[in-house]
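In order, the protein sequences belong to chains A and B. Last residue of the first sequence? That's 290 in the numbering used here, and every number before it is there in order. Last residue of the second sequence? That's 290 in the numbering used here, and every number before it is there in order. Note that the Cβ used here is the ideal one computed from N, Cα and C, for glycine as well. All figures in this text were calculated on a predicted structure; none of them were measured in a lab. The block underneath contains the structure these notes are about, expressed in structure tokens.
2 protein chains.
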Amino acid sequence: MSGVDRSVLAGLKPFAGWAAADLDALLAPAHARRFDKGAAPFEQGAPADSFFLLLDGHVQASKLTPDGRQIIVRYIGPGELFGIAAQIRETTYPATAKAVVESLTLVWPSSIWPELAAKFPALSSGLLQAFGARLADANARVIEMATEPVERRLARALLKLAAQSGRPVEGGVEIDFPLTRQELGEMIGATLFSVSRLLKAWETEGLIAGGRARIVVRRSDRLSAIAEGE
Amino acid sequence: MSGVDRSVLAGLKPFAGWAAADLDALLAPAHARRFDKGAAPFEQGAPADSFFLLLDGHVQASKLTPDGRQIIVRYIGPGELFGIAAQIRETTYPATAKAVVESLTLVWPSSIWPELAAKFPALSSGLLQAFGARLADANARVIEMATEPVERRLARALLKLAAQSGRPVEGGVEIDFPLTRQELGEMIGATLFSVSRLLKAWETEGLIAGGRARIVVRRSDRLSAIAEGE
DNA sequence: CGGTCTGTTGAGTACGGTCAACAACTGTGG
DNA sequence: CCACAGTTGTTGACCGTACTCAACAGACCG
Numbered sequence: 061m062s063g064v065d066r067s068v069l070a071g072l073k074p075f076a077g078w079a080a081a082d083l084d085a086l087l088a089p090a091h092a093r094r095f096d097k098g099a100a101p102f103e104q105g106a107p108a109d110s111f112f113l114l115l116d117g118h119v120q121a122s123k124l125t126p127d128g129r130q131i132i133v134r135y136i137g138p139g140e141l142f143g144i145a146a147q148i149r150e151t152t153y154p155a156t157a158k159a160v161v162e163s164l165t166l167v168w169p170s171s172i173w174p175e176l177a178a179k180f181p182a183l184s185s186g187l188l189q190a191f192g193a194r195l196a197d198a199n200a201r202v203i204e205m206a207t208e209p210v211e212r213r214l215a216r217a218l219l220k221l222a223a224q225s226g227r228p229v230e231g232g233v234e235i236d237f238p239l240t241r242q243e244l245g246e247m248i249g250a251t252l253f254s255v256s257r258l259l260k261a262w263e264t265e266g267l268i269a270g271g272r273a274r275i276v277v278r279r280s281d282r283l284s285a286i287a288e289g290e
Numbered sequence: 061m062s063g064v065d066r067s068v069l070a071g072l073k074p075f076a077g078w079a080a081a082d083l084d085a086l087l088a089p090a091h092a093r094r095f096d097k098g099a100a101p102f103e104q105g106a107p108a109d110s111f112f113l114l115l116d117g118h119v120q121a122s123k124l125t126p127d128g129r130q131i132i133v134r135y136i137g138p139g140e141l142f143g144i145a146a147q148i149r150e151t152t153y154p155a156t157a158k159a160v161v162e163s164l165t166l167v168w169p170s171s172i173w174p175e176l177a178a179k180f181p182a183l184s185s186g187l188l189q190a191f192g193a194r195l196a197d198a199n200a201r202v203i204e205m206a207t208e209p210v211e212r213r214l215a216r217a218l219l220k221l222a223a224q225s226g227r228p229v230e231g232g233v234e235i236d237f238p239l240t241r242q243e244l245g246e247m248i249g250a251t252l253f254s255v256s257r258l259l260k261a262w263e264t265e266g267l268i269a270g271g272r273a274r275i276v277v278r279r280s281d282r283l284s285a286i287a288e289g290e
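Below, the structure is given as structure tokens:
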């Protein structure tokens, strides 16, 4: 047994409406695992022996280029599966996952995927959906990188992060995990210097606020305007 | 009946080893359709009522950005399924397909996909594989765009095209369909001017050759060196 | 209280985009 | 067959965005 109660799953969108017995069956082969801030559930290139469901916290998925530069693929929030890319074709993880805050996950052995997928068709169709969404997202990013200036990409990234992982605070929405200029740069393909200049300008204009590795989106309307094209 | 013999499928990699009866069953609901050079099997945003298998020719998949710029997602070669992204989540085509040379396709109504997928598990697992490959490719492109200069991206694009759609000629490999500087630019996120300058330089150095909309890769070794980093 | 991490700011530079002009080739219709 | 229009490719001048590098200032942590 996993020591995890089915109630932790029942609250997550992907499992809404599942029967209790099914949730139990899904949970049986899983175990819970906690990761400290900075710890890595898996590294790019390592054998993909497990897949994960994030229960609480935030996990960063990044890739290393051949010449040692890092780019951030996405941030994973509670309720999302990760480490599943491997189930589809590869035997090693295509990216590195790192907990950016203390995070709680469920872990299944990869070998059990076919059995689970057969028992719960909703799982594999959900996987397809997720892949479709990621493919669309990746294509959108290619287009952005090719056609849009850094300023727009940055505004867009902030809005996306606020929408996905935002926590309402007075006067805006705070991005719910520490996020440095360096990391923002690695998300949008820019240097930390360019990011720093833009954020500073926006802060003095009142569009955003924040402290060390903390960002609050204050005026998402004006950021949207920048993201679209002034 | 489709008027297409099962022998046209038997020669394509995805169908190697299929039983004759299965091929016939797969072919039954399909019909053949020819597209002139320049004709579009489908347009971005249109209802996705069909999916396609390219038998012969070359098809370009492109997307239009909100502000009217075009970017080329990929080139499709014989034996590849296309127009299937819709089967996964969307009801409209996410991109436009255009025949860049006269092309021959098989067409199935989208509505029949679930039935076919159920009857031939190899089809849906092939789809997953294809999606995985495309996702990996899209991610690789994001990384390229973010970290590599135009010169490298162009060299890489030429090598990929030559490998995928190359026809050996004396002294090199010719890309098997007309390809303008404009289109190369739209593939790698650059202007036709930058592409023109680079190709000219490479032509005088003997790395490539070509005429109007024709490109022959002569020295793939040296192009590889450029693609990696001199 | 030093060391590390994060952020700011400035100066210089270059890659690649924009725009304009023209040349060469292709296909079409009179 | 030629004239013409359309497409494709080349080249030059200019310029701006964003990168590189350097120096420094706070914030956080042990």
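Determine the burial state of residue i: buried for a count of at least 16 other Cβ atoms within 10 Å of its Cβ, exposed for fewer.
{"i": "T264(A)", "result": "exposed"}
{"i": "S280(A)", "result": "buried"}
{"i": "S284(B)", "result": "exposed"}
{"i": "V119(B)", "result": "buried"}
{"i": "R227(A)", "result": "exposed"}
{"i": "R134(B)", "result": "buried"}
{"i": "E103(A)", "result": "exposed"}
{"i": "P154(B)", "result": "buried"}
{"i": "F142(B)", "result": "buried"}
{"i": "E230(A)", "result": "exposed"}
{"i": "P169(B)", "result": "exposed"}
{"i": "S163(A)", "result": "buried"}
{"i": "A198(A)", "result": "buried"}
{"i": "E175(B)", "result": "exposed"}
Does residue i get closer than 8 Å to chain A when you measure Cβ to Cβ?
{"i": "A121(B)", "result": "no"}
{"i": "V210(B)", "result": "no"}
{"i": "A198(B)", "result": "yes"}
{"i": "T152(B)", "result": "no"}
{"i": "L195(B)", "result": "yes"}
{"i": "R149(B)", "result": "yes"}
{"i": "A70(B)", "result": "no"}
Using a Cβ-Cβ distance cut-off of 8 Å, determine whether residue i contacts chain B.
{"i": "T165(A)", "result": "no"}
{"i": "T207(A)", "result": "yes"}
{"i": "R201(A)", "result": "yes"}
{"i": "Q189(A)", "result": "yes"}
{"i": "R216(A)", "result": "no"}
{"i": "V133(A)", "result": "yes"}
{"i": "R129(A)", "result": "yes"}
{"i": "T125(A)", "result": "yes"}
{"i": "I172(A)", "result": "no"}
{"i": "G143(A)", "result": "no"}
{"i": "G186(A)", "result": "no"}
{"i": "G226(A)", "result": "no"}
{"i": "G192(A)", "result": "yes"}
Quick check: what's the CA-CA separation for residue i versus residue j?
{"i": "T165(A)", "j": "A182(A)", "result": "20 Å"}
{"i": "W173(A)", "j": "R149(B)", "result": "22 Å"}
{"i": "V167(A)", "j": "F180(A)", "result": "17 Å"}
{"i": "V64(B)", "j": "Q242(B)", "result": "36 Å"}
{"i": "A106(A)", "j": "R201(A)", "result": "26 Å"}
{"i": "V277(B)", "j": "L244(B)", "result": "14 Å"}
{"i": "E246(B)", "j": "A79(B)", "result": "41 Å"}
{"i": "S225(A)", "j": "A217(A)", "result": "12 Å"}
{"i": "G289(B)", "j": "A223(B)", "result": "20 Å"}
{"i": "R94(A)", "j": "D109(B)", "result": "46 Å"}
{"i": "A250(A)", "j": "A287(A)", "result": "16 Å"}
{"i": "P89(B)", "j": "I131(B)", "result": "33 Å"}
{"i": "I268(A)", "j": "F253(A)", "result": "17 Å"}
{"i": "L258(B)", "j": "L72(B)", "result": "36 Å"}
{"i": "L113(B)", "j": "F111(A)", "result": "33 Å"}
{"i": "I248(B)", "j": "G128(B)", "result": "17 Å"}
Under 7 Å from any heavy atom of the ligand ADP, does the C-beta of residue i make it?
{"i": "V276(A)", "result": "No copy of the ligand ADP appears in this structure; indeed no ligand is present at all."}
Touch test, the region 260-278 of chain B against the region 154-172 of chain B, Cβ-Cβ under 8 Å, three pairs minimum: no
Stretch pair the region 187-196 of chain B + the region 221-236 of chain A: three plus CB contacts closer than 8 Å: Counting C-beta pairs with one atom in each stretch, the region 187-196 of chain B and the region 221-236 of chain A have fewer than three that are closer than 8 Å, which means they do not touch.
Touching by the beta-carbon criterion (3+ pairs, under 8 Å), the region 113-130 of chain A and the region 252-268 of chain A: no
Touch test, the region 91-109 of chain A against the region 201-217 of chain A, Cβ-Cβ under 8 Å, three pairs minimum: Judged by pairs of C-beta atoms under 8 Å, the region 91-109 of chain A does not touch the region 201-217 of chain A, as fewer than three such pairs exist.
Residues within the region 263-290 of chain B neighbouring chain A, beta-carbon criterion of under 7 Å: G289
Contact list for the region 85-108 of chain A against chain B, Cβ threshold 7 Å: Close to chain B, meaning a Cβ-Cβ distance shorter than 7 Å, is no residue of the region 85-108 of chain A at all.
Residues within the region 239-253 of chain A neighbouring chain B, beta-carbon criterion of under 7 Å: G249
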